[in-house]
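Student: Below you will find the structure I want to go over with you.
Chains as they are written, first to last, in our numbering: chain A, 45 to 797; chain B, 773 to 978.
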């Protein structure tokens with residue numbers, strides 16, 4: 045065909061060809077329009093899934109064609125490609141229903157961050173100095189494969205370890221299966237604010253070892269014990285939507301909200317009543333309420349069933365937990381306990397939720413069990429307006445023989461791993477695969493995680509950024525950013541239906557990165573001793589299809605439609621309860637603290653930062669710039685102290701103070717916060733990074749660095765609220781950055797009206 | 773001289789006074805490129821900010837002064853037009869979008885795999901860009917300052933049959949595109965009046 049004619053035809057037909065979209069092979073052949081079928085200047089919204097927290101909210105990403113500045117083979121240049129300009133909530137997603145939190149909005153900066161790792165790196169300086177040189181993917185993958193081959197050849201596959209942050213969806217399955225088939229132990233999952241205590245409590249009380257879904261929308265009365273339900277706990281966007289409906293969704297009815305916590309959090313500030321019970325005694329407070337409800341015969345003890353049977357003295361109506369007794373220990377007046385109990389029982393449907401620091405004391409499990417029993421007593425478990433447990437989807441992947449072995453495998457915690465490595469030589473772990481977990485920042489120093497990591501001969505990191513942990517790596521194989529890769533998430537909570545988020549890559553990769561699941565699958569194929577049995581998929585997309593197809597087919601949905609919506613939800617019956625765990629009824633025990641009350645007079649209460657959660661988002665400048673909702677502090681860290689306490693210590697707003705625990709001390713700015721108990725100091729977690737991109741490095745202080753390694757006594761989880769500290773003023777130069785002038789609009793001292 | 777021109781002159785006088793007082797370096801400092809939509813930002817500029825990198829840059833922006841665009845290759849418009857290749861082949865957004873778009877290297881290679889492969893510019897495109905996975909960093913020739921608050925949309929103009937040459941000059945006589953037509957408000961309004969298109973302020977300024 046004459047070339048010129050070819051042009052004319054294609055120009056005349058280009059309007060229809062472009063509008064007809066991707067199905068037109070001729071269109072792809074000619075490539076007159078860019079690869080991604082984008083018309084310059086017109087935006088396309090594509091679904092994806094927010095990766096920042098486990099809630100798994102659905103996103104819509106606005107994609108526009110643009111010039112990306114990239115480095116290819118060491119040379120700077122531009123590439124014309126689809127670029128994401130804005131993220132919004134996906135209205136079709138059943139968890140967040142079109143809404144998105146401030147953190148989710150900022151997730152876009154994780155993609156276009158100037159300090160993203162753009163290509164594979166190999167360490168060429170001392171460990172921890174951050175000196176790396178660029179290598180090719182062929183070389184990087186060959187090195188990783190060689191290390192795994194060496195372990196297999198030495199008949200020592202259990203010396204491979206995988207340390208990761210909680211993995212969403214099928215990534216968890218893939219990593220677990222890879223390790224099992226290689227002969228290695230299951231992945232070590234690390235998160236600072238783990239929810240292990242609450243999951244265990246729900247398993248014991250109700251038979252579901254998962255986080256609850258709170259049906260705020262249909263509730264008339266919510267009492268929250270420490271759970272920052274509107275900010276950072278569980279599924280905050282879903283809960284905030286439900287909260288709005290509870291308050292304003294039914295004409296003439298405004299649900300009441302009570303918050304019980306020693307510090308007035310953002311959630312507490314939204315409540316009708318803030319009840320500053322002594323930190324660690326919230327479980328006692330719940331039992332005091334239960335006592336009052338049973339005593340006034342609003343409910344009978346049997347109503348609580350299994351959940352009640354776990355609490356000592358429940359069947360007798362909790363004789364030891366009289367409001368007067370509870371008032372003495374919690375510091376809340378007996379009349380108030382009785383009144384709240386009456387309201388809670390009478391205003392059904394009512395629900396109690398528990399989380400945060402309440403579960404992070406040494407008696408955290410008891411606190412959670414007590415609140416669970418209170419819930420069960422008023423009949424709000426599995427009922428509209430109460431808590432429900434999201435059914436779990438059963439993916440029909442064929443795992444081959446031997447899956448039963450995996451069930452018996454013991455999952456290590458990072459603390460156990462570090463202790464083991466530090467105690468033995470040579471290190472029992474020879475190669476560590478590191479996926480975006482940062483325990484060097486997020487674990488108490490007494491666990492000696494960094495020391496342990498330095499003893500491990502080979503560390504391979506998949507992270508996008510250099511942080512305190514990944515800077516110790518020998519080899520960095522950077523993963524795609526979340527908008528450049530296949531995403532899936534099956535949220536544990538947030539909806540009464542089973543939900544599976546599913547999204548294809550939104551844009552082409554900006555840098556020379558590769559998806560972590562694809563790396564594992566490729567390495568698995570190239571091993572000298574193949575995995576037994578081998579993984580049947582060549583890439584992650586194939587694995588997702590194999591996982592989702594049977595489910596979608598059974599539900600009459602299809603793959604392509606689900607991808608266009610960004611996921612899929614189904615109303616399947618509630619999941620099966622786990623077996624009843626035989627357990628003796630627990631008595632109340634007081635929370636234990638490290639540090640004597642004489643030397644260390646204050647309880648130290650770290651809390652998840654609204655902007656950075658556990659610190660993993662401190663590298664995003666929009667979030668650094670986000671004023672904290674309570675203090676308006678930004679770009680900095682601070683400690684909240686009661687104004688009266690501060691006055692006796694001579695501390696003024698913005699002063700630099702030193703906080704000392706039995707382990708270490710830190711310096712930060714003081715914020716005089718009216719909403720905090722006089723014997724509590726509260727500090728947000730998230731700042732104080734040594735190494736975490738240009739925006740977070742060397743900024744503020746890390747409260748985890750002074751934490752005592754206390755444990756929740758029944759589960760062994762970190763009790764991060766069990767440290768006592770002292771405070772002293774250093775100078776006036778706290779370098780506090782407040783968006784507003786202070787916590788109050790007017791100084792109450794000068795308020796003459 | 774128009775009133776606007778006189779006002780510009782007044783400002784220039786102020787500027788000369790300032791620069792003779794020691795600020796003259798600012799205009800000629802090592803500023804790189806002009807900020808604004810007419811120029812691509814330099815690749816080294818990776819910080820999220822809308823500010824100017826030098827005083828000179830800020831001053832040039834204030835006066836709406838723009839450098840002439842520097843294109844990565846001397847693209848011969850006249851030769852392509854002589855081959856009867858329509859503008860829309862490369863500026864593919866023009867019929868549906870606000871912007872016409874500048875072609876990616878894939879667009880070039882759509883034809884030049886097989887055509888004029890032995891010519892020097894094509895060799896350059898192939899080896900320096902296409903094979904290295906890079907694109908041509910075209911620079912925009914036309915555009916308004918942000919302060920003008922003009923939101924121009926190509927698509928309705930093309931649909932109503934305005935010839936590309938009306939606003940962009942006769943490209944069949946140019947190699948790289950040059951600013952052949954001065955896009956003043958008078959130029960736009962004259963045509964709108966003639967074609968009985970709306971001359972409401974909000975048609976263009978919104």
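Note that CB positions come from ideal geometry on N, CA and C, so glycine has one too.
Please check the pair residue 188/A and residue 567/A, which I expect to be a contact at CB under 8 Å, by giving their CB distance rounded to whole angstroms.
Tutor: Taking the first chain and counting its residues from 1, one reaches residue 188/A at position 144. Taking the first chain and counting its residues from 1, one reaches residue 567/A at position 523. Correct: roughly 6 Å between the Cβ atoms.
Student: Could you work out which residues of chain B lie near residue 116/A, taking near to mean beta carbons separated by less than 8 Å?
Tutor: For the purposes of this step, residue 116/A is taken as the residue at position 72 of the first chain. The contacting residues are 904, 905, 906.
Student: Quick check on residue 626/A: does DSSP put it in helix, strand or coil?
Tutor: Taking the first chain and counting its residues from 1, the one referred to as residue 626/A is at position 582. In the structure shown, residue 626/A sits in coil (DSSP, three-state: anything other than H, G, I, E or B).
Student: Would you mind telling me which residues of chain A sit closer than 9 Å to residue 836/B, beta carbon to beta carbon, in chain order?
Tutor: Within the second chain, numbered from 1, the residue matching residue 836/B stands at position 64. None at all; the shortest Cβ gap to chain A is about 23 Å.
Student: Kindly provide the ranges of any alpha helix (DSSP H) runs that are 4 or more residues long and lie completely inside the segment 656–712 of chain A, ordered along the chain.
Tutor: List check, alpha helix (DSSP H) in window: 665–668, 687–693.
Student: Leaving out the 5 sequence neighbours to the left and right, which residues in its chain are closer than 6 Å to residue 947/B when beta-carbon positions are compared?
Tutor: In the second chain, residue 947/B corresponds to position 175, counting from 1. Excluding positions up to five away in sequence, the list reads 846, 848.
Student: Between the segment 874–887 of chain B and chain A, which residues of the former have a C-beta closer than 9 Å to a C-beta of the latter?
Tutor: The residues in question are 874, 875, 876, 877, 878, 879, 881, 882, 883, 886, 887.
Student: Strictly below 7 Å CB to CB, what residues from chain A border residue 868/B?
Tutor: What you label residue 868/B is simply residue 96 of the second chain in a count that begins at 1. Under the 7 Å cutoff, chain A gives 83, 86.
Student: Is there a C-beta anywhere in chain B that falls below 8 Å from the one on residue 178/A?
Tutor: As a first step, residue 178/A is located in the first chain; it is residue number 134 there, counting from the start. No, its Cβ sits nowhere closer than 8 Å to a Cβ of chain B.
Student: According to the neighbour-count rule (16 or more other Cβ atoms, all chains shown, within 10 Å of its Cβ), is residue 634/A buried or exposed?
Tutor: The residue labelled residue 634/A in the question sits at position 590 within the first chain. The residue in question, residue 634/A, is exposed, as its Cβ has fewer than 16 Cβ neighbours within 10 Å.
Student: By DSSP's criteria, residue 333/A is part of a beta bridge. Which residues make up the other side?
Tutor: Your numbering for residue 333/A matches position 289 in the first chain. None, per the DSSP bridge assignment.
Student: So which residues on chain A does residue 872/B lean against when the C-beta distance must stay under 9 Å?
Tutor: As a first step, residue 872/B is located in the second chain; it is residue number 100 there, counting from the start. Neighbours of residue 872/B on chain A, chain order: 84, 85.
Student: In chain B, which residues lie less than 7 Å from residue 124/A when you measure between Cβ atoms?
Tutor: Position 80 of the first chain, counted from the first residue, corresponds to residue 124/A. The answer, in chain order, is 876, 907.
Student: What's the gap between the Cα of residue 580/A and the Cα of residue 556/A?
Tutor: In the first chain, counting from the first residue as 1, residue 580/A sits at position 536. In the first chain, counting from the first residue as 1, residue 556/A sits at position 512. Rounded to whole angstroms, residue 580/A to residue 556/A spans 26 Å at the Cα level.
Student: For a cutoff of 8 Å on Cβ pairs, would you count residue 119/A as touching chain B?
Tutor: Translated into positions along the first chain, residue 119/A becomes position 75. By this cut-off, residue 119/A is an interface position.
Student: Quick check on the DSSP output: what are the complete alpha helix (DSSP H) runs of length 4 or more inside the segment 354–404 of chain A, in order along the chain?
Tutor: Fully enclosed alpha helix (DSSP H) runs of 4 or longer: 367–374, 378–390.
Student: Leaving out the 5 sequence neighbours to the left and right, which residues in its chain are closer than 8 Å to residue 535/A when beta-carbon positions are compared?
Tutor: Position 491 of the first chain holds residue 535/A. Excluding positions up to five away in sequence, the list reads 98, 99, 100, 139, 279, 434, 543, 545.
Student: Three-state secondary structure (DSSP) at residue 604/A?
Tutor: Counted from its first residue, the first chain places residue 604/A at position 560. Note: residue 604/A maps to helix in three-state DSSP.
Student: Determine the closest residue to residue 563/A out of 514/A, 504/A, 604/A, 601/A, with distance taken between C-alpha atoms.
Tutor: Within the first chain, the letter at position 519 stands for residue 563/A. The candidate whose alpha carbon is nearest that of residue 563/A is 504/A.
Student: Buried or exposed, going by whether 16 or more other CB atoms sit within 10 Å of the CB of residue 855/B?
Tutor: Here the question's residue 855/B lines up with position 83 in the second chain. Exposed: under 16 other Cβ atoms inside 10 Å.
Student: Just to confirm, does residue 526/A get its C-beta within under 7 Å of one of the non-hydrogen atoms of the ligand ATP?
Tutor: Absence of the ligand ATP from the depicted structure is noted, as is the absence of any ligand whatsoever, leaving it without description.
Student: State buried or exposed for residue 522/A, treating a residue as buried only when at least 16 other CB atoms are found within 10 Å of its CB.
Tutor: In the first chain, residue 522/A corresponds to position 478, counting from 1. Residue 522/A is buried by the Cβ-count criterion.
Student: So what does DSSP say about residue 850/B, is it helix, strand or coil?
Tutor: The count along the second chain starts at 1 and reaches residue 850/B at position 78. Three-state DSSP puts residue 850/B in a helix.
Student: Would you check if the distance between the CB atom of residue 742/A and the CB atom of residue 659/A is smaller than 8 Å?
Tutor: In the first chain, the residue the question calls residue 742/A occupies position 698. In the first chain, the residue the question calls residue 659/A occupies position 615. Going by C-beta atoms, residue 742/A is not nearer than 8 Å to residue 659/A.
Student: Flag this pair as yes or no: are the beta carbons of residue 409/A and residue 245/A separated by less than 8 Å?
Tutor: In the first chain, the residue the question calls residue 409/A occupies position 365. In the first chain, the residue the question calls residue 245/A occupies position 201. Yes; because the gap between Cβ atoms is below 8 Å, this pair is in contact.
Student: Could you have a look at residue 72/A and say whether DSSP puts it in helix, strand or coil?
Tutor: Here residue 72/A corresponds to residue number 28 of the first chain, with the count starting at 1. With a pLDDT of only 34 at residue 72/A, under 50, the local geometry of the prediction cannot be trusted, and the value read off the model is given with reservation. DSSP places residue 72/A in helix when its eight states are reduced to three.
Student: Quick check on residue 711/A - is its C-beta less than 8 Å from some C-beta in chain E?
Tutor: Chain labels in this structure do not include chain E; the protein chains are A and B.
Student: Could you tell me whether the Cβ of residue 812/B comes closer than 8 Å to any Cβ of chain A?
Tutor: One-based indexing of the second chain puts residue 812/B at position 40. Confidence at residue 812/B is low in this model, with a pLDDT of 39, below 50, so the placement of that residue should be treated as unreliable; the coordinate-derived value is given next. It does: the Cβ of residue 812/B has a partner Cβ on chain A nearer than 8 Å.
Student: Out of curiosity, what's the CA-to-CA distance linking residue 318/A and residue 384/A?
Tutor: To locate residue 318/A, count along the first chain from 1; it is residue 274. To locate residue 384/A, count along the first chain from 1; it is residue 340. The alpha-carbon atoms of residue 318/A and residue 384/A are separated by roughly 12 Å.
Student: Over the uninterrupted alpha helix (DSSP H) stretch that includes residue 877/B, give me the two end residues.
Tutor: The residue given as residue 877/B occupies position 105 in the second chain. Residues 877–884.
Student: So residue 258/A and residue 161/A are supposed to be a Cβ contact under 8 Å. How far apart are they, rounded?
Tutor: In the first chain, counting from the first residue as 1, residue 258/A sits at position 214. In the first chain, counting from the first residue as 1, residue 161/A sits at position 117. Wrong, their Cβ atoms sit about 38 Å apart, outside the cutoff.
Student: Roughly how many angstroms lie between the CA atoms of residue 668/A and residue 655/A, to the nearest whole one?
Tutor: Indexing the first chain from 1 puts residue 668/A at position 624. Indexing the first chain from 1 puts residue 655/A at position 611. Their backbone Cα atoms lie some 7 Å apart in a straight line.
Student: If you draw a straight line from the alpha carbon of residue 754/A to that of residue 406/A, how long is it in whole angstroms?
Tutor: Indexing the first chain from 1 puts residue 754/A at position 710. Indexing the first chain from 1 puts residue 406/A at position 362. Cα to Cα, the separation comes out at about 7 Å.
Student: With 16 other CB atoms within 10 Å as the buried threshold, where does residue 605/A fall?
Tutor: Stepping through the first chain from its first residue, residue 605/A is reached at position 561. The residue in question, residue 605/A, is exposed, as its Cβ has fewer than 16 Cβ neighbours within 10 Å.
Student: Within the same chain, show all residues whose beta-carbon is closer than 6 Å to that of residue 782/A, passing over the 5 residues directly before and after it, in chain order.
Tutor: Along the first chain, one-based indexing puts residue 782/A at 738. So the qualifying residues of the chain are 676, 677.
Student: Kindly indicate which residue of 148/A, 267/A, 271/A, 282/A has the alpha-carbon position closest to the one of residue 141/A.
Tutor: Reading the first chain from its first residue, position 97 is the one you call residue 141/A. The shortest C-alpha separation from residue 141/A is found at 282/A.
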